[in-house]
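Residue numbers (the working numbering): 1 to 84. Step one of this worksheet: look at the structure below.
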Amino acid sequence: MYYICEICGYPYLNEPPYDKFGYGTYEICPCCGFEFGYDDYPDKTMGIVDWRNNWINNGFKWFSKHTSPPVNWDPKGQLDNLKK
Ligand SMILES: [Zn+2]
């Protein structure tokens, strides 16, 4: 079971970004580097939108040094996961 990053659409998060109460789980997306419950403070909606725009404007950089991008990683394509 994997979860989708709500910022970049990366579909292989090990933990859900937010628990059932809407609190961040402090999962860090290896793709965009967003930490749920931290980088979305104090304004969740603005935090997510700003982070996503920065990530896109900086050229879809892979964040994690420990986790490698998936084979045939398609950062633009994975943004479509957010529309589902
Ligand atoms: Zn992400």
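All C-beta atoms in this analysis are idealised placements derived from N, C-alpha and C, irrespective of residue type, glycine included.
In chain order, what residues of the same chain lie with their CB nearer than 7 Å to the CB of residue i, ignoring the 5 residues before and after it?
{"i": "T25", "result": "E15, P16, P17, Y18, D19, F36 and G37"}
{"i": "T45", "result": "none"}
{"i": "P11", "result": "Y2, I4, Q78 and N81"}
Are the beta-carbon atoms of residue i and residue j separated by less than 9 Å?
{"i": "G22", "j": "Q78", "result": "no"}
{"i": "I28", "j": "S64", "result": "yes"}
{"i": "F60", "j": "K83", "result": "no"}
Quick check on residue i: buried or exposed, where buried means 16 or more other Cβ atoms within 10 Å of its Cβ?
{"i": "D40", "result": "buried"}
{"i": "P70", "result": "exposed"}
{"i": "W55", "result": "buried"}
{"i": "W73", "result": "exposed"}
Between which residues of its own chain and residue i is the CB-CB distance below 6 Å, once the five residues before and five after are set aside?
{"i": "G33", "result": "F63"}
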